[in-house]
Amino acid sequence: MQPELRIPAQTGELSVSQNRVLRNTYLMLSLTMIPTLIGAMIGMQLNFGIMRTNPIMSFLVIMAVFYGMVFAIEKNKDSGLGVALLLGFTFMMGLLLAPLLQVALGLRNGGQIIAMAAAGTGVAFFSMAAIATVTKRDFSSMGKFLMVGVIVVMIAVVANVFLQMPVLSLTISAVVVLLSTMLILYTLSGIIHGGETNYVSATLSLYISIYNIFSSLVQLLMAFTGDRD
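Start counting the sequence shown at 57; every next residue gets the next number (the working numbering).
This is the structure in structure tokens:
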């Protein structure tokens, strides 16, 4: 009888732990939107002319800072420093989002485009959250496919920094939307099934996916519906 009594106890503890990680992840993800908005608002007041005149150098610097901060967050994910670094990271990402928003708001329907992109991002996130939560299916098998997809997209992004092909840029944006949406499902499924036990790492992954979906949708909507008259 003793082993039988232990099994439900362990299962209950695991369920409580998973729910705690999921709850903390959603809370932390909500908090990251605040420094992102602040960063974007500050960035809207800045002149990013140097980034536009030196796109290759700007890209290299941004990538170095981006991956440096991601590494630092993951390194300190079990401490308060990891949370502070995550919030600082989202502030920086807000600043980097500002040039795109400046271009969008330069269009007659720029505000509508941003609102549509935000709505589309919300639909993608909550749809994936519902699928992961309701179906209880384990989507960990998507890991290898998503990793290959991320590598291919990164190669394409680097190549287009030099090629500057509008068609390739739009194709990358479309693929990023699909890939990031699947990454949200993969991350949330990992939390629910116990594969991801750290809410800082989970929040970082979800935040990057949401950020990529939003920025890519803005670019796509500007290209296909932007009113420049």
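Every residue gets a Cβ at the ideal spot worked out from N, C-alpha and C, and that includes glycine.
So residue i packs on residue j, CB below 8 angstroms; how close in whole Å?
| i | j | result |
| --- | --- | --- |
| Ile211 | Val233 | Contact flag wrong, Cβ pair sits at about 18 angstroms. |
| Ile266 | Phe181 | 6 angstroms |
| Gly150 | Leu83 | Their Cβ separation, rounded to whole angstroms, is 19 angstroms, which puts Gly150 and Leu83 out of contact at 8 angstroms. |
| Leu241 | Ile187 | 6 angstroms |
| Leu102 | Gly176 | At roughly 27 angstroms, the Cβ-Cβ gap does not stay under 8 angstroms, so Leu102 and Gly176 are not in contact. |
| Leu260 | Val126 | 7 angstroms |
Quick check on the burial criterion: 16 or more other C-beta atoms within 10 angstroms. Buried or exposed for residue i?
| i | result |
| --- | --- |
| Thr253 | exposed |
| Tyr123 | exposed |
| Val203 | Sequence inspection shows Met at residue 203; the Val mentioned does not correspond to that position. Classification of Met203: exposed, given that the 10 Å Cβ count is below 16. |
| Asp283 | exposed |
| Thr88 | buried |
| Thr191 | exposed |
| Ile169 | buried |
| Ile112 | exposed |
| Thr237 | buried |
| Phe145 | buried |
| Gly166 | buried |
| Lys133 | buried |
| Met97 | exposed |
| Ser73 | exposed |
| Ser71 | exposed |
| Ser271 | buried |
Tell me the residue span of the alpha helix (DSSP H) that contains residue i.
| i | result |
| --- | --- |
| Lys200 | 199 to 219 |
| Ile168 | Sequence inspection shows Gln at residue 168; the Ile mentioned does not correspond to that position. Taken as a continuous stretch (DSSP letters only), the alpha helix (DSSP H) holding Gln168 covers 166 to 191. |
| Gly250 | Taken as a continuous stretch (DSSP letters only), Gly250 belongs to no alpha helix (DSSP H), as it is neither H nor E. |
| Gly144 | 136 to 161 |
| Leu50 | A query on residue 50 cannot be resolved here, the shown segment of the chain reaching from 57 to 285 and no further. |
| Phe270 | 255 to 281 |
Inspect the beta-carbon positions of residue i and residue j and report whether they are closer than 8 angstroms.
| i | j | result |
| --- | --- | --- |
| Leu277 | Ala173 | yes |
| Leu85 | Tyr263 | yes |
| Gly95 | Met148 | yes |
| Ile228 | Val214 | no |
| Ala154 | Met100 | yes |
| Gly138 | Val217 | no |
| Gly205 | Leu235 | yes |
| Ala128 | Leu141 | yes |
Would you say residue i reaches chain B, if we count a Cβ-Cβ gap shorter than 8 angstroms as a contact?
| i | result |
| --- | --- |
| Gly178 | No chain B appears in this structure, which consists of one protein chain only. |
Excluding the 5 residues flanking residue i on each side, which residues of the same chain have their C-beta closer than 7 angstroms to its C-beta?
| i | result |
| --- | --- |
| Ala258 | Val77, Thr81, Thr243, Ile247, Glu252 |
| Asp194 | Ser245, His249 |
| Met107 | Ser114, Pro155 |
| Ile118 | Leu152 |
Output needed for residue i: all residues of its chain with C-beta closer than 6 angstroms, excluding positions within five of it in sequence on either side, in chain order.
| i | result |
| --- | --- |
| Leu152 | none |
| Leu161 | none |
| Ile63 | Per-residue confidence for Ile63 stands at a pLDDT of 37, beneath the threshold of 50, marking its modelled position as unreliable; no derived number is given. |
| Gln275 | Ser229 |
| Ala279 | Leu226 |
| Leu224 | Asn216 |
| Gln66 | Per-residue confidence for Gln66 stands at a pLDDT of 44, beneath the threshold of 50, marking its modelled position as unreliable; the derived number appears in the next sentence. Closer than 6 angstroms at the Cβ level, and outside the excluded window around Gln66, lies no residue. |
For residue i, is the beta carbon positioned less than 7 angstroms from some heavy atom of the ligand FMN?
| i | result |
| --- | --- |
| Leu156 | Within the structure as shown, the ligand FMN is missing, as the structure has no ligands at all. |
Skipping 5 residues on each side, what residues in its chain have a beta carbon closer than 8 angstroms to that of residue i?
| i | result |
| --- | --- |
| Ser196 | Tyr242, Ser245, Gly246, His249, Gly251 |
| Ala185 | Ile240, Leu244 |
| Phe104 | Ala154, Pro155, Gln158 |
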